[in-house]
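Chemist: Counted from 1, the sequence shown has number 65 at position 65 by my numbering; the numbering is strictly sequential. Glycine included, C-beta positions come from ideal geometry on N, C-alpha and C.
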Amino acid sequence: MANLEAKHPGENEYLQAVREVLETIETEYNKHPEFEAAKIVERIVEPDRIFKFRVVWVDDKGKTQVNLGYRVQYNAALGAYKGGLRFHPKVNESMLKFLGFEQIFKNSLTMLPLGGGKGGADFDPVGKSDAEIMRFCQAFVYELWRNIGPDQDSPAGDVGVGGREIGYMYGMYKKLAREHSTGALTGKSYGWGGSLIRPEATGFGAIYYVERMVKEKKDTMKGKRIALSGFGNVAWGAAIKATELGAKVVAISGPDGVCEIEKGITKDMIDYMLEMRASNRNKVEDMATKFPKLAKFTAGKKAWSVKCDIAMPCAFQNELDEKDAKELLKNGVKYVAEVSNMGCQPGAIAAIQKAKVPFGPGKAVNAGGVATSGLEICQNAEHRNWTAEEVDKNLHTIMNNIYDMCVEHGKEKDGSINYVKGANIAGFMRVAKAMVAQGII
Ligand code: GLU
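#1: Using a Cβ-Cβ cut-off of 8 Å (strictly less than) and excluding sequence neighbours within five positions of threonine 387, which residues of its own chain qualify?
#2: On the three-state DSSP scale, how would you describe isoleucine 265?
#3: Tell me, please, whether the segment 363-372 touches the segment 165-182 by the rule of three or more beta-carbon pairs shorter than 8 Å.
#4: Does any heavy atom of the ligand MG sit closer than 6 Å to the C-beta of glycine 84?
#5: Please name the residue, chosen from Gly194, Met276, Lys248, that lies closest to isoleucine 166 on a Cα-to-Cα basis.
#6: If you draw a straight line from the C-alpha of threonine 27 to the C-alpha of isoleucine 310, how long is it?
#7: Could you check how far apart the C-beta atoms of lysine 106 and lysine 363 are, in whole angstroms? I think they sit under 8 Å.
#8: Helix, strand or coil: which one does DSSP assign to asparagine 12?
#9: Taking DSSP's pairing of strands, which residues face arginine 71 in a bridge?
#10: DSSP on methionine 134, reduced to helix/strand/coil?
#11: Is the beta carbon of glutamine 376 less than 7 Å from the beta carbon of arginine 198?
#12: On the premise that lysine 97 lies in contact with valine 72, defined as a C-beta separation below 8 Å, what is that separation, rounded to the nearest angstrom?
#13: Give me the DSSP bridge partner(s) of glycine 360.
#14: Taking 6 Å as the cut-off, does the CB of aspartate 286 come closer than this to any heavy atom belonging to the ligand GLU?
#15: Let's test the definition: count the other Cβ atoms within 10 Å of the Cβ of serine 340 and tell me whether it reaches 16, buried, or not, exposed.
#16: First and last residue of the beta strand (DSSP E) that includes alanine 251?
#17: Going by beta carbon distance, what residues of the same chain come within less than 7 Å of serine 108, once the five residues before and after it are set aside?
#18: Among His32, Lys296, Ser229, Met213, whose alpha-carbon lies nearest the alpha-carbon of glutamine 317?
#19: May I ask whether a heavy atom of the ligand GLU can be found less than 6 Å away from the beta carbon of aspartate 271?
#20: Please confirm whether any heavy atom of the ligand GLU lies closer than 6 Å to the CB of serine 305.
#21: Take the Cβ of arginine 384 as the centre, count every other Cβ of all protein chains shown within 10 Å, and call the residue buried at 16 or more, exposed below.
#22: Helix, strand or coil, according to DSSP, for alanine 76 in the structure here?
#23: Look at the alpha carbon of aspartate 271 and the alpha carbon of glutamate 244, and state the distance between them as a whole number of angstroms.
#24: May I ask whether a heavy atom of the ligand GLU can be found less than 6 Å away from the beta carbon of valine 370?
#25: Comparing alpha-carbon positions, which option in Val159, Ile133, Val91, Gln152 lies nearest glycine 115?
#26: Run the CB neighbour count on alanine 299, radius 10 Å, all protein chains shown included, and call it buried at 16 or more, exposed below.
#27: Count the other C-beta atoms from every protein chain shown that fall within 10 angstroms of the C-beta of proline 358, then say buried if there are 16 or more, exposed otherwise.
#28: Classify asparagine 3: buried if its beta carbon has 16 or more other beta carbons within 10 angstroms, exposed otherwise.
#29: For proline 113, which residues in the same chain have their Cβ closer than 7 Å to its Cβ, ignoring the five residues on either side in sequence?
#30: Check whether the segment 396-407 and the segment 325-344 are in contact - that is, three or more C-beta pairs closer than 8 Å.
#31: What's the C-alpha gap between glutamate 5 and valine 18?
#32: Pop quiz: isoleucine 207 and alanine 238 are said to be a contact at Cβ under 8 Å. What is the actual Cβ separation, rounded to whole angstroms?
#33: For lysine 241 and proline 155, what's the separation of their Cα atoms in angstroms?
#34: Using 8 Å as the cut-off, can you tell me whether the segment 207-223 makes contact with the segment 288-299, which would need three or more C-beta pairs spanning the two stretches below that distance?
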């Protein structure tokens, strides 16, 4: 860690992600002299390569705009690079390196042949017109297309990139590469290469994982109060599945504040989340304006201020801090499952674990998204569409398998389960063994 800090000063998110993994795998790692001999840790913490490029486009007023685009190809020991694209004004190399690093282990946990990668741009979709989004996506792919492909690197969505953006990028990719029906990008819409259940997959997968955490305690999802942060694709999928299992989503949030939904979110409200995201306004208050009798908006508050049994951060890294964790614990939270990548700060995780409240880490809980991207690539390669039931069944099996691996590697002497340790060890071992077997490259 000292070497890395000296080499990459100020890359805080990246260093945070690496530290968490190294701390939890240390004991296990030291049992394997072959890892040390092949310098697996020193190799795994550095990306294979990073592409950084200028993205130039013209806005609706005819003005030239310049952004920075990136693709971090992190580790290909298990397969072609795979991971999302994030469009957000705060995107920088450190953020994408942390996300790419996490992606290696997450993808490994799915047991599919997926390497780790991530990318994005410091482009802010908020307030942009549809035509502006299209022009930006086209300009982005114009730079990147030679370095992606189903057997090379397959991007998907992430914060700020959903079905619409993937559509525009895929259209441009096909035009340039003259390839069709490929898994060069995933998260495509159904009908032209996309998989059923991919939009729901991250949220569904997260709830499948949480359901296992709840069952582990001989408890039930029925009637549980769930607080979700965000109102994007991930929170949407989680809200559908949680409601289906009889739980009550009592809070969603946005950068402007929180909407408290005392009676639990309804189907109409879940559907409206899609419109809120498509509007690019990024305001959760819109839910309370549309459903004034069901949702109460409070400006400046987080979802964690609402009393809940299960807290699920679904928005952005480091969104849940130690103070939030203490507030949740004081209000009797029973389970915390990170759905956003590195959604909880280290102090928050420590407080939750100290209180013996089960904590599921993002790289395991949210792996259903990339897993279903893997299933989309399978369908593209077969030139076939699976039914929603087939995809969902595969997703459920993968999530159950991930849960079992986390328990196997995370069981402590006192019988409790350290899901963070379990996920890191299980994810790391598969990659490390593959790297040793494939030689010094
Ligand atoms: N962005 C998602 C993640 O963090 C999905 C990546 C993918 O489907 O490739 O895992």
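Modeler: According to the data block:
#1: As a working mapping, residue 387 is identified with position 387 in the sequence shown. Taking threonine 387 as the centre and dropping the five residues before and after it, the same chain places the C-beta of Leu196 closer than 8 Å to its C-beta, in chain order.
#2: For the purposes of this step, residue 265 is taken as the residue at position 265 of the sequence shown. Isoleucine 265: coil per DSSP, three-state reduction.
#3: With a cut-off of 8 Å, the segment 165-182 and the segment 363-372 do not count as touching, because too few Cβ pairs lie within range.
#4: Although the ligand MG was asked about, the structure shown includes only the ligand GLU as ligands.
#5: In the sequence shown, residue 166 corresponds to position 166, counting from 1. Nearest option by C-alpha distance: Gly194.
#6: Taking the first residue of the sequence shown as position 1, residue 27 is located at position 27. Taking the first residue of the sequence shown as position 1, residue 310 is located at position 310. The straight-line gap from Cα to Cα measures roughly 31 Å.
#7: Translated into positions along the sequence shown, residue 106 becomes position 106. Translated into positions along the sequence shown, residue 363 becomes position 363. That belief holds up - the Cβ atoms of lysine 106 and lysine 363 are roughly 4 Å apart, short of 8 Å.
#8: Here residue 12 corresponds to residue number 12 of the sequence shown, with the count starting at 1. In this structure, asparagine 12 counts as helix in the three-state DSSP scheme.
#9: Translated into positions along the sequence shown, residue 71 becomes position 71. According to DSSP, which records beta bridges pairwise, arginine 71 is partnered with Phe51, Gly119.
#10: Locating residue 134 in the sequence shown gives position 134, where the first residue counts as 1. Helix, per DSSP.
#11: As a first step, residue 376 is located in the sequence shown; it is residue number 376 there, counting from the start. As a first step, residue 198 is located in the sequence shown; it is residue number 198 there, counting from the start. The question names glutamine, but residue 376 in the sequence shown is glutamate. Result yes, Cβ atoms of glutamate 376 and arginine 198 sit closer than 7 Å.
#12: Walking along the sequence shown from the start, residue 72 turns up at place 72. Walking along the sequence shown from the start, residue 97 turns up at place 97. Indeed, because the Cβ distance is near 6 Å, the residues count as touching under 8 Å.
#13: Working through the sequence shown from its first residue, we reach residue 360 at position 360. Beta-bridge pairing links glycine 360 to Ala337.
#14: Here residue 286 refers to the residue found at position 286 when the sequence shown is read from its first residue. No, Cβ of aspartate 286 sits at least 6 Å from all heavy atoms of the ligand GLU.
#15: Walking along the sequence shown from the start, residue 340 turns up at place 340. The residue is buried, with at least 16 neighbouring Cβ atoms inside 10 Å.
#16: Taking the sequence shown and counting its residues from 1, the one referred to as residue 251 is at position 251. 248-254 is the span of the beta strand (DSSP E), which, as asked, contains alanine 251.
#17: Residue mapping note: residue 108 aligns to position 108 of the sequence shown, counting from 1. The residues are Leu78, Gly427, Arg430, Val431.
#18: Mapped onto the sequence shown, residue 317 falls at position 317. Closest option to glutamine 317, Cα to Cα, is Ser229.
#19: Within the sequence shown, residue 271 is the residue found at index 271, counting from 1. Flag unset: Cβ of aspartate 271 not near the ligand GLU.
#20: For the purposes of this step, residue 305 is identified with residue 305 of the sequence shown, where counting begins at 1. No; taking the cut-off as 6 Å, the Cβ of serine 305 has no heavy atom of the ligand GLU nearer than that.
#21: As a first step, residue 384 is located in the sequence shown; it is residue number 384 there, counting from the start. By the neighbour-count criterion, in which a residue is buried when 16 or more other Cβ atoms sit within 10 angstroms of its Cβ, arginine 384 is exposed.
#22: Here residue 76 corresponds to residue number 76 of the sequence shown, with the count starting at 1. Here alanine 76 sits in coil by DSSP.
#23: Taking the sequence shown and counting its residues from 1, one reaches residue 271 at position 271. Taking the sequence shown and counting its residues from 1, one reaches residue 244 at position 244. Distance between the alpha carbons of aspartate 271 and glutamate 244 is about 14 Å.
#24: As a first step, residue 370 is located in the sequence shown; it is residue number 370 there, counting from the start. Yes; taking the cut-off as 6 Å, the Cβ of valine 370 has a heavy atom of the ligand GLU nearer than that.
#25: Taking the first residue of the sequence shown as 1, we reach residue 115 at position 115. Closest option to glycine 115, Cα to Cα, is Gln152.
#26: As a working mapping, residue 299 is identified with position 299 in the sequence shown. With a 10 Å radius around the Cβ and a threshold of 16 neighbouring Cβ atoms, alanine 299 comes out exposed.
#27: Reading the sequence shown from its first residue, position 358 is the one you call residue 358. Per the 10 Å Cβ criterion, buried.
#28: Start at 1 with the first residue of the sequence shown, and residue 3 comes out as number 3. Burial state of asparagine 3 is exposed, judged by a 10 Å Cβ sphere holding fewer than 16 other Cβ atoms.
#29: Translated into positions along the sequence shown, residue 113 becomes position 113. Only Leu78, Gly79 meet the Cβ criterion.
#30: no
#31: As a working note, residue 5 is residue 5 in the sequence shown. As a working note, residue 18 is residue 18 in the sequence shown. When rounded, the distance between both Cα atoms is 11 Å.
#32: For this step, residue 207 is matched to residue 207 along the sequence shown. For this step, residue 238 is matched to residue 238 along the sequence shown. Confirmed, Cβ separation roughly 6 Å.
#33: Along the sequence shown, one-based indexing puts residue 241 at 241. Along the sequence shown, one-based indexing puts residue 155 at 155. Rounded to whole angstroms, lysine 241 to proline 155 spans 26 Å at the Cα level.
#34: no
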